[in-house]
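Input: a single structure, listed below in structure tokens.
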Amino acid sequence: MIELETRSSQDICSKIGREGRVFFIGCSGRKGLCSPGGESRLQKLRGELQALGVRFTGTVVWDELCTKGLDELSLLGQFRQAGQADLFLVLSCEAGVQAVAAAAGKKTEAALRTLSAPGLEGIWGEEGLCRLCGSCLLDLSGGLCPLYFCPKGLLNGPCQGASRGRCEVDSHNPCGWERVYERLKARGELGILGGYAEPRDYSKMLPLFRLRSQLAAEGKEG
Amino acid sequence: MRFQQRLEQGKFTLTCEIAPPKGTDAAERIAEAEILKGRVDAVAVTDGKGSVMAMSASALAHLLQDRGWETLLYLSCRDRSRMALQAELLGAAALGIRNLVVVTGDYASLGDHPQTKPVFDLDSVQLLIALRGMREGKDMMGNPLQGRPDFFVGATVSPVPGSEAALDLQLMKMEKKIAAGARFFQTQPIFDLGRFERFLKRASGLGAPLLAGVMPLKSASMARFVNKNMPGMAVPETMIDELSQATDRVQVAVNLCARILREVKNLCPGAHLIPAGWERRIPAILDAAQL
Chain A
0 MIELETRSSQ DICSKIGREG RVFFIGCSGR KGLCSPGGES RLQKLRGELQ
50 ALGVRFTGTV VWDELCTKGL DELSLLGQFR QAGQADLFLV LSCEAGVQAV
100 AAAAGKKTEA ALRTLSAPGL EGIWGEEGLC RLCGSCLLDL SGGLCPLYFC
150 PKGLLNGPCQ GASRGRCEVD SHNPCGWERV YERLKARGEL GILGGYAEPR
200 DYSKMLPLFR LRSQLAAEGK EG
Chain B
0 MRFQQRLEQG KFTLTCEIAP PKGTDAAERI AEAEILKGRV DAVAVTDGKG
50 SVMAMSASAL AHLLQDRGWE TLLYLSCRDR SRMALQAELL GAAALGIRNL
100 VVVTGDYASL GDHPQTKPVF DLDSVQLLIA LRGMREGKDM MGNPLQGRPD
150 FFVGATVSPV PGSEAALDLQ LMKMEKKIAA GARFFQTQPI FDLGRFERFL
200 KRASGLGAPL LAGVMPLKSA SMARFVNKNM PGMAVPETMI DELSQATDRV
250 QVAVNLCARI LREVKNLCPG AHLIPAGWER RIPAILDAAQ L
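Protein chains in written order, with numbering that gives the first Met the number 0: chain A, 0 to 221; chain B, 0 to 290.
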């Protein structure tokens, strides 16, 4: 099972603010694999956020958001309610958040934290996989994960090693921060890059070990 | 203190890079530094530059300070967790090191220990924020420190990174570094003054003094190597021609470097020399630049 943690409504509200209007996309997950919460968790969280002053244009809940093709997701903007929104809030594992961010052309915020996924790192492998850091930063990087695209895992912008837009570690790969830049520029959101990303909380990455030790204790492993 | 004072007084300030030795014998590095006495204001000791394992920078900086040098200590995020970075800072401050340059660090696979685990627990902006807290007497978790490290802290920026996107990103990160406490900047080696001036037009408004990187091009083949392999460095073709047509290659190379240095002096409050093997020719370059 993918282990997911719901962010508190206060935490989400502090990130998205009360100014813009939000379209809320939920995922009902896949039996035996993940439970992001679907309609019921989405409505509960929406109620809490509304009480804090967040305004919504509408909601939609899909099965297995991460398996939706980009074509399908890019139609999101055609929905009137989605088109009116300034921001997409996504209640799914990080694979789903990345998929929406790649297709939507809008600012995207995760409502869940993806903590661990034993044996699985999300189904959607188009742009990159979730590194299961438990402190999602997709909102600061245009929906592309810095831990995945940057070998140094830099959170506050690029190093000085890129050459002609290519990464110093592997010249076959583009500098991920330049991709973030291009994506945010196209959306008129370069200001996001001025935000400061705190050091990562590595203790969040422990659940995988905890799960392993739990499994071992239950005699299901080894 | 001389380094900070000169920069703050707006006097042209010169630093020169010294790389720690691979081994315990620092005599050669100390001798190279000796040649620069009276010619530069401080020496900057690099930290595993190019991801090549060498003596710890703080150890060499300490040895140089014992011989009367003011030093700038480089500190790279590549090899140390946040605990080790803070420990290094406490140690360096206790040894009397006053100036610091924080860098992300080259990736480990580019150096001589490609199998090592690259750490990158913090990035340079986060390290600057940690330093600010330490100066106020707290470690990163808010625990009190007995004795506070108080460095004059700088950072680096790449002024000619090759594209508009990359330049915007460099300036964005430079702003973050200033907000996080960086008080001066060193740059990658400059060759193309025109492109450097375009950078300065945008960077000078940020208010932090810049020490422009100046590195001698020893030959046309070195210049071509730089263009092909060194990120953020671009040698104009006219300079390569000048070097390839030279009859006295060394003299032409010395004069070329001196010319860049003089032009940089008109644009920046300081310069940072990167000898790249020509430590012993730095005095000749400074003579030619009348510095």
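Built from N, CA and C at the ideal position, the CB exists for glycine as well.
Could you name the residues of chain B that residue i contacts, counting a contact when the two beta carbons are closer than 7 Å?
i: R163 (chain A); result: G161
i: G156 (chain A); result: L168, M171, K172, K175
i: P150 (chain A); result: Y106
Can you tell me whether DSSP reads residue i as helix, strand or coil?
i: N226 (chain B); result: helix
i: S12 (chain A); result: Reading off the sequence shown, one finds Cys at residue 12 (chain A), where the question assumed Ser. Note: C12 (chain A) maps to helix in three-state DSSP.
i: H61 (chain B); result: helix
i: G37 (chain A); result: helix
i: E135 (chain B); result: coil
i: C15 (chain B); result: strand
i: A56 (chain B); result: helix
i: G269 (chain B); result: strand
i: W61 (chain A); result: strand
i: E174 (chain B); result: helix
i: T66 (chain A); result: helix
i: E2 (chain A); result: strand
i: V213 (chain B); result: strand
i: I124 (chain B); result: According to the sequence displayed, residue 124 (chain B) carries Val and not Ile. Here V124 (chain B) sits in helix by DSSP.
i: R99 (chain A); result: For the sequence presented, residue 99 (chain A) should be read as Val rather than Arg. V99 (chain A): helix per DSSP, three-state reduction.
Would you mind reading off the limits of the beta strand (DSSP E) that contains residue i?
i: N254 (chain B); result: Note, N254 (chain B): premise wrong, no beta strand (DSSP E); alpha helix (DSSP H) at 248-266.
i: V168 (chain A); result: No beta strand (DSSP E) holds V168 (chain A); DSSP gives it neither H nor E.
i: V102 (chain B); result: 98-102
i: E108 (chain A); result: 106-109
i: L290 (chain B); result: It is not in any beta strand (DSSP E) - L290 (chain B) carries neither H nor E in the DSSP assignment.
i: L89 (chain B); result: That residue, L89 (chain B), is in no beta strand (DSSP E); its alpha helix (DSSP H) goes 81-93.
Counting contacts by CB-CB distance shorter than 8 Å, is residue i in contact with chain A?
i: Q185 (chain B); result: no
i: K231 (chain B); result: For the sequence presented, residue 231 (chain B) should be read as Gly rather than Lys. Closer than 8 Å to some Cβ of chain A, the Cβ of G231 (chain B) qualifies, so yes.
i: T155 (chain B); result: yes
i: A211 (chain B); result: no
i: L109 (chain B); result: yes
i: W277 (chain B); result: no
i: Q125 (chain B); result: yes
i: L99 (chain B); result: no
Contact criterion: CB-CB distance below 8 Å. Does residue i meet it with respect to chain B?
i: E2 (chain A); result: no
i: C132 (chain A); result: no
i: E181 (chain A); result: yes
i: E93 (chain A); result: no
i: V168 (chain A); result: yes
i: W61 (chain A); result: no
i: P198 (chain A); result: yes
i: G142 (chain A); result: no
i: G52 (chain A); result: no
i: G187 (chain A); result: no
i: G19 (chain A); result: no
i: G229 (chain A); result: For chain A, the structure presents residues 0 to 221; residue 229 (chain A) sits outside this window and is missing.
Do you know offhand how far residue i's Cα is from residue j's?
i: G222 (chain A); j: F22 (chain A); result: The structure shown does not extend to residue 222 (chain A), since chain A spans only 0 to 221, so no value can be given for it.
i: G19 (chain A); j: D85 (chain A); result: 6 Å
i: L285 (chain B); j: E163 (chain B); result: 33 Å
i: G160 (chain A); j: P145 (chain A); result: 15 Å
i: F183 (chain B); j: G153 (chain B); result: 5 Å
i: G146 (chain B); j: F55 (chain A); result: 52 Å
i: E87 (chain B); j: V51 (chain B); result: 19 Å
i: T14 (chain B); j: A43 (chain B); result: 6 Å
i: R258 (chain B); j: K203 (chain A); result: 54 Å
i: L130 (chain B); j: R165 (chain A); result: 31 Å
i: P160 (chain B); j: Q169 (chain B); result: 8 Å
i: Y201 (chain A); j: L121 (chain B); result: 11 Å
i: E2 (chain A); j: Q9 (chain A); result: 21 Å
i: D169 (chain A); j: R66 (chain B); result: 42 Å
i: L153 (chain A); j: F119 (chain B); result: 8 Å
i: A26 (chain B); j: L94 (chain B); result: 20 Å
i: R38 (chain B); j: S75 (chain B); result: 27 Å
i: E71 (chain A); j: G104 (chain B); result: 42 Å
Name the chain B residues that come within less than 8 Å of residue i, Cβ to Cβ?
i: N172 (chain A); result: Correct list: empty, because the minimum Cβ distance to chain B is about 12 Å.
i: L153 (chain A); result: T103, F119, D122
i: L192 (chain A); result: L168, M171
i: Y147 (chain A); result: Those do not exist, as Y147 (chain A) stays about 14 Å from chain B at its closest Cβ, beyond 8 Å.
I need the boundaries of the alpha helix (DSSP H) containing residue i, first residue and last residue.
i: S243 (chain B); result: 236-243
i: R79 (chain A); result: 79-82
i: Y180 (chain A); result: 175-185
i: F183 (chain B); result: From DSSP, F183 (chain B) is part of no alpha helix (DSSP H) but of the beta strand (DSSP E) over 183-188.
i: I29 (chain B); result: 26-34
i: F195 (chain B); result: 192-202
Counting only Cβ pairs nearer than 9 Å, list the residues of chain B close to residue i.
i: G46 (chain A); result: Under the 9 Å cutoff, chain B gives no residues; its nearest Cβ is about 35 Å from G46 (chain A).
i: E177 (chain A); result: S162, A164, A165, L168
Quick one: which chain A residues come within Cβ less than 7 Å of residue i?
i: A83 (chain B); result: Simply none; closest approach about 14 Å.
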